[in-house]
Amino acid sequence: MEIRVYSQYLKFLGTIEDHTSVIWTRRYYEPGEFELHAPITEKNLRLLQPGNLITKKGSDEAGLIDDVHTEESNIKNEVIRRGLFLTNYFSSRLIKSTFNFNGPVEVAMRQLIQSVEPIPLLELGELNGFTETVEFQATMKDLLVYLKKLSRASTIGFHIRPDFKKKKLIFETYKGKDKTLSQGVNSRVIFSEKYENLNNAIYTYNSRNEKTIAIVGGKGEGAERIYITVGDTNITGYDRKEIFVDAKEISDENISHAEYLNLLRQKGLEALNQHIISEAVESETEPNINFVYKENYDLGDIVTVKKRAWDIAFNQRLTEIKEVYEYGGMKVVPTMGDALPEKIDWSE
């Protein structure tokens with residue numbers, strides 16, 4: 591596999607072909623990351639400088655080198671470079687003016703990007719017309735934090751695709767496909783012992799933080815304070831698990847009372863979404879056995895997982911895929927689901 595190196599302004603600088611290990615981790619809801627190991631040579635030291643970009647030949651993803659480690663000893667002679675994928679550029683921008691939004695999530699992402707200080711070379715890609723909607727308010731917030739919130743709330747993925755020929759960075763949204771056994775539209779993908787693609791598996795289940803009812807407190811004091819309840823109020827007994835959500839920071843300026851209540855409701859829904867039962871499987875697989883990586887399944891797709899020996903069977907989204915290149919070969923380490931639920935706090 592050829593690693594290509596570019597400047598931040600997408601000028602081609604050279605190639606790395608003597609690397610000993612590359613771990614390329616793709617993530618659906620947030621920036622991916624990479625780790626590269628290579629011998630210490632004049633060429634590698636010159637190319638693998640902080641601030642340069644690396645990409646795999648033929649890939650539409652790239653990462654920025656921001657972590658440099660060089661080690662020379664009797665047993666080691668290598669450079670180690672780490673970094674995050676280009677969507678991490680958004681972490682350097684703040685949403686400065688109060689941003690009120692009610693509409694499609696995809697449009698919210700694009701408008702947030704347009705509202706901040708421009709990122710060099712960045713352009714918006716095509717609008718897909720995804721129908722998931724959201725209502726929220728943000729002021730002086732980290733742009734990347736909010737893009738990740740919107741992504742998790744809607745299950746819409748996002749990335750920055752570098753166009754090296756045209757010297758452009760393209761922001762794009764996308765959605766994984768349903769490849770589960772329970773549907774009949776797309777080709778089905780199953781991870782199981784039968785298909786030899788569930789090797790060295792790790793299964794996690796956690797219900798410790800589950801909540802089923804959110805009581806949201808808005809503006810006002812004492813008996814004058816506004817409260818709304820979100821969730822199935824018919825739930826009783828051991829299944830009723832309550833959480834209080836303080837939403838005093840939400841402003842009702844320049845919006846109607848109904849819009850204000852919707853913002854409180856959104857706050858409650860997000861609190862429930864971050865307090866769910868989490869279930870995930872991480873495993874190793876060969877990229878071309880039974881189901882071919884990037885042909886039959888890809889990041890963001892929903893697949894069926896079956897482990898008969900453990901008596902588990904469920905459908906989960908591919909939230910992370912780690913590509914490991916070592917010893918002249920490649921293996922894929924997919925994660926189906928989230929090992930622990932990501933906290934979505936709209937007040938941050």
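With our numbering applied, the sequence shown corresponds to residues 591 to 938, in that order. From the three backbone atoms N, C-alpha and C, an ideal C-beta is built for every residue, glycine too.
With which residues is residue i paired in a DSSP beta bridge?
{"i": "K758", "result": "D753"}
{"i": "A804", "result": "V820, I833"}
{"i": "Q598", "result": "In DSSP, Q598 forms no bridge with anything."}
{"i": "K646", "result": "I593"}
To the nearest whole angstrom, what separates the beta carbons of residue i and residue j, a pair I think is in contact under 8 Å?
{"i": "L948", "j": "G766", "result": "Outside the modelled stretch of the chain, which goes from 591 to 938, sits residue 948, for which no answer is possible."}
{"i": "L733", "j": "F680", "result": "5 Å"}
{"i": "E860", "j": "A743", "result": "6 Å"}
{"i": "R594", "j": "L626", "result": "Between L626 and R594 the Cβ distance is about 12 Å, and since that is not below 8 Å, they are no contact."}
{"i": "T677", "j": "F748", "result": "7 Å"}
{"i": "T819", "j": "I803", "result": "7 Å"}
{"i": "N634", "j": "I613", "result": "In fact, because the Cβ distance is near 17 Å, the residues do not count as touching under 8 Å."}
{"i": "T763", "j": "N824", "result": "Not a contact, Cβ separation roughly 36 Å."}
Could you pull the start and end residues of the alpha helix (DSSP H) that residue i belongs to?
{"i": "V895", "result": "Run containing V895: none in the alpha helix (DSSP H); it sits in the beta strand (DSSP E), 892-897."}
{"i": "S741", "result": "733-744"}
{"i": "E910", "result": "Where E910 is concerned, there is no enclosing alpha helix (DSSP H), although the beta strand (DSSP E) it sits in stretches over 902-916."}
{"i": "E632", "result": "632-637"}
What do you reckon, are the CB atoms on residue i and residue j nearer than 9 Å?
{"i": "F689", "j": "S705", "result": "yes"}
{"i": "G653", "j": "E623", "result": "yes"}
{"i": "E786", "j": "T875", "result": "yes"}
{"i": "V724", "j": "L740", "result": "yes"}
{"i": "I630", "j": "E668", "result": "yes"}
{"i": "L771", "j": "F781", "result": "no"}
{"i": "L712", "j": "L600", "result": "no"}
{"i": "H659", "j": "Y915", "result": "no"}
{"i": "R616", "j": "E651", "result": "yes"}
{"i": "G808", "j": "L854", "result": "yes"}
{"i": "T894", "j": "K769", "result": "yes"}
{"i": "K896", "j": "E783", "result": "yes"}
{"i": "A791", "j": "E872", "result": "yes"}
{"i": "E800", "j": "H865", "result": "yes"}
{"i": "S716", "j": "T745", "result": "For the sequence presented, residue 716 should be read as Glu rather than Ser. No, the Cβ-Cβ distance between E716 and T745 is not below 9 Å."}
{"i": "N664", "j": "Q598", "result": "no"}
{"i": "N880", "j": "I892", "result": "no"}
{"i": "K731", "j": "L684", "result": "yes"}
{"i": "E939", "j": "Y596", "result": "Outside the shown range of the chain, which is 591 to 938, sits residue 939, and nothing can be said about it."}
{"i": "N979", "j": "I867", "result": "Outside the shown range of the chain, which is 591 to 938, sits residue 979, and nothing can be said about it."}
{"i": "I703", "j": "F754", "result": "no"}
{"i": "G927", "j": "A870", "result": "yes"}
{"i": "G821", "j": "L862", "result": "yes"}
In terms of residue numbering, what span does the beta strand (DSSP E) encompassing residue i cover?
{"i": "D532", "result": "For the chain, the structure presents residues 591 to 938; residue 532 sits outside this window and is missing."}
{"i": "Y795", "result": "789-796"}
{"i": "N776", "result": "Taken as a continuous stretch (DSSP letters only), N776 belongs to no beta strand (DSSP E), as it is neither H nor E."}
{"i": "N667", "result": "667-675"}
{"i": "H627", "result": "623-629"}
{"i": "G919", "result": "919-926"}
{"i": "S611", "result": "611-617"}
{"i": "A728", "result": "723-728"}
{"i": "V871", "result": "868-874"}
Whole beta strand (DSSP E) elements within the stretch 832-861, 3-residue minimum: 832-836
Alpha helix (DSSP H) runs wholly inside the stretch 686-715, at least 4 long, in chain order: Fully contained in the stretch 686-715 are the following alpha helix (DSSP H) runs of length 4 or more, in chain order: 695-705.
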